[in-house]
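Everything on this sheet refers to the single structure shown next.
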DNA sequence: TCATCATGTTATAAAAACATAACATGTCAA
DNA sequence: TTGACATGTTATGTTTTTATAACATGATGA
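Chains as they are written, first to last, in our numbering: chain B, 1 to 120; chain R, 1001 to 1120.
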């Protein structure tokens, strides 16, 4: 599995609201599949399980079997990689852009009087 | 457009390697659609444009038209929101989990002798 | 043991995403 | 103005995703 496959799987996993809700539900501790289905009343049980398997393939959910129960644990470590490669740098970029914009606005404000006659 | 729609669009946009490549290509300055197509030789021009429209819907690409050219600018601000709501908190969670795990490993190492007989 | 319960598997229909082709538009420069 | 050029639009086929239904398994407790 290439690095791109990994990020594809991760972003895909995060790209559906039901799956993000599941992550939020198991953030503070693992839950059984049944408990998750009870919380997600608008979704069929099979649908929840499909979402869980997408999350599992992305490495965001780790499964532990206890008797006939299946406990779904969050593993947030892959998100840490997303942060490092994609989000962090771009977020920093966003902040830098904002700063540039503000500087530009200030410069333009200063020369506004001179530039006015060239405006449409 | 709800907040969930926004995040759906954003993660979806980030969830395809071709689109992530496009983002990287315009990270340091806008490029025309034609320039992007030249860089992405493995993709059809129409496919590139479809990807661009996905990025545009997610607010990650802002289009400026100059004559017959279309200049695609990166807007990384939406990624900043992803960072704040989804990545940051979960990345922090990952770090906390790691710390917990290390603490647990240490505890178990200390009581290893006593616990050994109960192992399978 | 045996009914029940939690979960798993397989199949299928509908919707969305991806990739391409064919045609259309509007701009530039000779 | 006219041909080449950069881009836009519409249509279409293919593949994935999403959501359910129907059936299967395997643990648990009376």
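Where is the CB? At the ideal position from N, CA and C, for every residue including glycine.
Non-local C-beta neighbours of residue 32/B in its own chain, meaning closer than 8 Å and more than five positions away in sequence, comprise 69, 70, 71, 72, ordered along the chain. Out of 1085/R, 1034/R, 1097/R, the CA that lies nearest to the CA of residue 1065/R is found in 1034/R. Here the stretch 1055-1065 of chain R makes contact with the stretch 1075-1086 of chain R; the two share three or more CB pairs at distances below 8 Å. Annotation: the stretch 30-70 of chain B contains the following complete segments of the beta strand (DSSP E) (minimum length 3 residues), in chain order: 61-66.
The beta carbon of residue 1105/R sits no closer than 8 Å to any beta carbon of chain B.
CA-CA distance, residue 26/B to residue 1083/R, rounds to 19 Å. Just so you know, the alpha carbons of residue 1007/R and residue 38/B end up roughly 24 Å apart.
For residue 16/B, the three-state secondary structure derived from DSSP is coil.
Taking a Cβ-Cβ threshold of 7 Å, the residues of chain B close to residue 1097/R are 76, in chain order. Distances from the CA of residue 1041/R to each of 1022/R, 1055/R, 1101/R, 1011/R were compared; the closest alpha carbon is that of 1022/R. Pairing residue 20/B with residue 44/B, the inter-Cα distance amounts to about 16 Å.
The beta-bridge partner set that DSSP reports for residue 1073/R consists of 1062/R. Annotation: residue 1085/R is outside any alpha helix (DSSP H) and is labelled neither H nor E by DSSP.
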